[in-house]
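The block underneath contains the structure these notes are about, expressed in structure tokens.
2 protein chains.
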Amino acid sequence: MRDVAVIGIGCTTFGEKWESSFRDLFVEAGALALEDAQLAGEKIDAMYVGNMSAGRFVEQEHIGALIADYAGLATHHIPSTRVEAACASGGLAFRQAVIAVASGMEDIVVAAGVEKMTDVEPGASTDTLTGAADREWEGFVGATFPGLYAMIANDYMHRYPLTREQLAQVAVKNHFNGARNPIAQFQQEISVDTVLKSTLVADPLRLFDCSPITDGAAAVIVAPFERAREFTDTPIKVLASAQASDTITLHDRRDISTLDATVIAGKRALKIARCIHKDIDLVEVHDCFSIAEICAIEDLGFCKKGEAGKLTSDGITALNGDLPVNTSGGLKACGHPVGATGIKQVYEIVQQLRGEADRRQIDGAEIGMTHNVGGTGATVAVHIFGRI
Amino acid sequence: MRDVAVIGIGCTTFGEKWESSFRDLFVEAGALALEDAQLAGEKIDAMYVGNMSAGRFVEQEHIGALIADYAGLATHHIPSTRVEAACASGGLAFRQAVIAVASGMEDIVVAAGVEKMTDVEPGASTDTLTGAADREWEGFVGATFPGLYAMIANDYMHRYPLTREQLAQVAVKNHFNGARNPIAQFQQEISVDTVLKSTLVADPLRLFDCSPITDGAAAVIVAPFERAREFTDTPIKVLASAQASDTITLHDRRDISTLDATVIAGKRALKIARCIHKDIDLVEVHDCFSIAEICAIEDLGFCKKGEAGKLTSDGITALNGDLPVNTSGGLKACGHPVGATGIKQVYEIVQQLRGEADRRQIDGAEIGMTHNVGGTGATVAVHIFGRI
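Residue numbers (my numbering), protein chains in the order written: chain A, 514 to 901; chain B, 514 to 901.
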């Protein structure tokens with residue numbers, strides 16, 4: 514297996530992008546990534562694209578071919594493949610791109626992610642997202658994603674020390690970071706009070722505990738590490754790629770407050786990268802809801818179960834803390850265009866390791882991790898990156 | 514890159530399976546494949562599943578995790594990934610499984626395909642399938658798949674010698690083969706007259722020129738070739754895996770009667786396998802419509818453009834001909850559960866190369882090819898297999 518590096522990155526701004534179609538979004542992200550790598554499109558050998566539900570959001574399937582075509586690459590007949598794992602679609606598309614290069618089968622591969630979520634009625638998007646859970650045992654009986662994560666939050670708060678204020682501080686921190694990220698959907702700082710006084714969505718989760726409905730796309734380009742300096746002075750090495758699955762329903766889990774797929778994928782990734790937790794300078798975790806960030810920090814092993822609330826309120830996970838979490842603003846402030854999120858996480862870590870994160874920059878960041886979750890944890894992808 | 518072999522195969526019967534849910538279908542196919550390989554589920558390292566549109570057919574996404582869970586593998590937390598490329602979803606899932614093993618990343622990998630198409634109104638399934646074409650430039654203006662392939666047929670018949678009777682003979686041959694295949698949806702022989710007197714769907718295509726709406730699932734298990742004999746006495750080697758893309762719309766093509774993605778993927782596959790056409794003993798091609806089989810035979814290079822009609826009427830592509838095409842009965846007679854078709858093609862070729870195809874058996878078959886098309890040819894996967 515060959516070593517793999519990220520040689521180019523691109524991302525649209527995230528938000529309610531009424532002026533952009535599904536196609537516009539990924540073309541924009543892809544063009545930015547090519548420009549970043551100073552690469553002509555015809556050098557691309559293959560593409561993988563993460564997308565959850567274009568079939569329901571824009572009535573379009575066959576996304577791999579569509580993207581290759583609209584990117585102007587149909588005449589080159591490159592293999593282009595869509596990968597789907599609900600909210601982890603982007604992370605899995607990145608992983609497939611890494612495997613394709615690591616195997617020696619392809620050299621220059623684009624991993625993209627895209628979701629256009631706002632072209633349907635609001636209720637329809639919530640229902641579509643329920644397709645990430647178990648339609649028969651969860652969706653049909655009325656469970657929505659806020660409802661499922663509220664169950665996790667209730668169970669967690671019953672068993673571990675986590676105050677409502679600490680939970681709110683996850684969102685406050687992520688809005689603080691998002692206010693420093695030009696691609697973020699919400700670039701406003703908020704207070705704990707903003708969260709606590711926001712509309713109750715699914716007790717105990719309030720509006721500001723939830724990631725929003727978002728349009729957006731992101732793309733990164735990977736290449737064999739040994740060739741990376743042909744394209745960039747700052748290649749970022751992929752130190753590990755790991756993926757794990759779990760039961761699709763919450764009620765079948767051993768423990769609903771611990772995402773076993775996160776535990777397993779996190780351990781696998783650290784082992785592959787030959788890293789320990791202290792080596793990781795920053796992490797992008799999948800904070801689709803504030804409680805998800807709390808669980809992720811613990812399940813990835815950065816602290817013991819029950820300690821992430823205090824870690825957050827003590828500022829350890831803040832931009833200037835010992836373990837900055839979601840420097841991008843996370844799903845909460847950046848927004849969560851489902852298929853794009855996993856790639857946007859890579860985009861953020863690469864910016865940080867290159868030293869290009871501007872007002873969000875973590876000084877001297879050398880090793881970063883991404884953590885992308887599908888559904889309530891039935892799929893998890895963890896990647897580790899290093900500045901070499 | 515390591516050599517890869519197929520060590521186990523399984524397939525449900527195809528048809529209108531009112532008694533089986535989406536989940537039942539893939540569990541059945543997976544169990545049959547495991548039984549065939551005499552393998553316990555916990556030996557599986559990873560899964561890839563091809564599925565086009567469960568989001569619209571059964572309102573369920575996150576298919577990789579769902580499958581791993583219902584196959585009883587959630588507790589093993591294996592990576593499980595859905596791949597989508599419309600009607601080529603199965604072929605691409607197989608390709609990803611091959612890449613995963615060839616790369617050395619995984620050892621025992623399941624490639625599955627599944628589609629449950631009958632749980633919606635008939636009109637809804639036609640509309641869902643239009644998601645495989647360009648929704649904005651084809652679907653929204655009223656083009657359906659029969660309509661798009663009728664355009665190909667009209668263009669082809671205008672330019673090349675192909676009679677309406679020869680076109681019908683594609684369906685007659687495939688029904689003949691399907692009548693000898695226990696998994697086929699239609700196990701009845703038909704005559705040219707049956708085709709010519711059937712309902713006109715999209716001129717010149719009649720009902721019996723079209724593959725049907727079908728439920729079904731298929732699964733195959735791949736492993737490193739060097740380990741294959743641990744599991745089976747008849748490993749079938751994967752000699753080549755190739756994939757190509759093209760414009761998603763017909764009107765953007767250089768030539769609508771030649772599927773360039775088939776031409777390119779076919780050439781790539783032969784080159785990788787170090788084969789010439791004469792080495793290929795049989796082919797499963799993507800006959801979603803009768804005209805598609807005509808184009809496929811030519812575009813894969815088995816004869817010149819314009820000759821496949823005569824090849825068919827001369828019986829060359831029949832079971833007892835020099836180049837048996839679609840010994841399974843093809844999409845026409847087996848049915849076309851979209852995501853499953855690419856895997857079912859592999860299932861057929863492996864049966865043939867093992868000598869287990871019973872009344873469809875091609876004596877002495879040593880090398881076989883599969884050809885799986887997405888949409889009207891925007892994605893094509895070609896694989897070549899050998900008995901070693």
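All residues carry an ideal CB built from backbone N, CA and C; glycine is no exception.
Just so you know, these numbers come straight off a predicted model, no measurement behind them.
For residue i, I'd like the list of residues in its chain whose CB is within less than 7 Å of its CB, leaving aside the five on either flank, ordered along the chain.
| i | result |
| --- | --- |
| proline 725 (chain A) | Gln698, Gly848 and His849 |
| lysine 556 (chain A) | Ile621 |
| serine 602 (chain B) | Gly563, Asn564, Met565, Val596, Gly626, Val851, Gly852 and Gly855 |
| tyrosine 673 (chain A) | Lys818 and Gly819 |
| glutamate 541 (chain B) | Thr525 and Ala730 |
If residue i and residue j are in contact, beta carbons under 8 Å, what's the gap, nearest whole angstrom?
| i | j | result |
| --- | --- | --- |
| arginine 873 (chain A) | threonine 840 (chain A) | 5 Å |
| alanine 774 (chain A) | histidine 590 (chain B) | 6 Å |
| alanine 578 (chain B) | threonine 657 (chain A) | Contact doesn't hold; Cβ gap of about 18 Å is too wide. |
| alanine 684 (chain B) | isoleucine 703 (chain B) | 7 Å |
| leucine 772 (chain A) | cysteine 808 (chain A) | 6 Å |
| valine 623 (chain A) | alanine 544 (chain A) | With a Cβ gap of about 11 Å, valine 623 (chain A) and alanine 544 (chain A) do not count as contacting. |
| phenylalanine 925 (chain A) | valine 708 (chain A) | Here chain A comprises residues numbered 514 to 901, so residue 925 (chain A) is not present and cannot be evaluated. |
Let me see if you follow: with CB-CB separation under 8 Å, is residue i close to chain B or not?
| i | result |
| --- | --- |
| threonine 727 (chain A) | no |
| glycine 887 (chain A) | yes |
| valine 596 (chain A) | yes |
| serine 724 (chain A) | no |
| leucine 709 (chain A) | no |
| serine 533 (chain A) | no |
| arginine 648 (chain A) | yes |
Could one say the Cβ of residue i lies closer than 8 Å to chain A's Cβ atoms, at least one of them?
| i | result |
| --- | --- |
| alanine 615 (chain B) | yes |
| aspartate 812 (chain B) | no |
| histidine 575 (chain B) | yes |
| glutamine 756 (chain B) | yes |
| histidine 590 (chain B) | yes |
| glycine 660 (chain B) | no |
| glutamate 572 (chain B) | yes |
| glutamine 609 (chain B) | yes |
| glycine 603 (chain B) | no |
| arginine 569 (chain B) | yes |
Give the DSSP bridge partners of residue i, in chain order.
| i | result |
| --- | --- |
| alanine 546 (chain B) | Looking at the DSSP assignment, alanine 546 (chain B) forms no beta bridge with any residue, so it has no partner. |
| phenylalanine 570 (chain B) | DSSP lists no partner for phenylalanine 570 (chain B). |
| arginine 900 (chain A) | A:Ile749 |
| serine 593 (chain A) | A:Met560 |
| alanine 625 (chain B) | B:Val562 and B:Ala732 |
| serine 826 (chain B) | BP columns for serine 826 (chain B) are empty, so no partner. |
| phenylalanine 802 (chain B) | B:Cys723 |
| alanine 853 (chain A) | BP columns for alanine 853 (chain A) are empty, so no partner. |
| histidine 540 (chain B) | According to the sequence as given, residue 540 (chain B) is valine; it is not histidine. Its beta-bridge partners do not exist; DSSP assigns none. |
Would you mind sorting residue i into buried or exposed? The rule is 16 or more other CB atoms within 10 Å of its CB.
| i | result |
| --- | --- |
| histidine 671 (chain B) | exposed |
| threonine 712 (chain A) | exposed |
| histidine 575 (chain B) | buried |
| threonine 676 (chain B) | exposed |
| asparagine 885 (chain B) | buried |
| histidine 799 (chain B) | buried |
| alanine 553 (chain B) | exposed |
| proline 592 (chain B) | buried |
| serine 719 (chain A) | The amino acid occupying residue 719 (chain A) in the given sequence is arginine; serine does not appear at that position. Per the 10 Å Cβ criterion, buried. |
| glycine 899 (chain B) | buried |
| glycine 636 (chain A) | exposed |
| arginine 766 (chain A) | buried |
| glutamine 756 (chain B) | buried |
| lysine 845 (chain B) | buried |
| arginine 787 (chain B) | exposed |
| lysine 857 (chain A) | buried |
| glutamine 679 (chain B) | buried |
Just to confirm my understanding: we take residue i, look at its own chain, exclude 5 residues before and 5 after, and list those with CB closer than 8 Å. What are they?
| i | result |
| --- | --- |
| leucine 795 (chain A) | Leu836, Pro837, Val838, Thr840, Ile862, Gln865, Ile875, Ala878, Gly881 and Met882 |
| valine 633 (chain B) | Arg569, Phe570 and Thr641 |
| glutamate 739 (chain A) | Arg515 and Asp516 |
| threonine 760 (chain A) | Arg766 and Ala891 |
Just to confirm my understanding: we take residue i, look at its own chain, exclude 5 residues before and 5 after, and list those with CB closer than 6 Å. What are they?
| i | result |
| --- | --- |
| alanine 567 (chain A) | Gln573 and Ile576 |
| valine 519 (chain A) | Val733, Val735, Ile749 and Val863 |
| glycine 843 (chain B) | Asn687 and Asp800 |
| threonine 641 (chain B) | Ser566 and Arg569 |
| alanine 894 (chain A) | Ala601, Gly604, Leu605, Arg608, Gln756 and Asn885 |
task: Note down, in chain order, all residues in the stretch 815 to 833 of chain A with a beta-carbon under 7 Å from any beta-carbon belonging to chain E.
output: Note that chain E does not occur in the displayed structure, where the protein chains are A and B.
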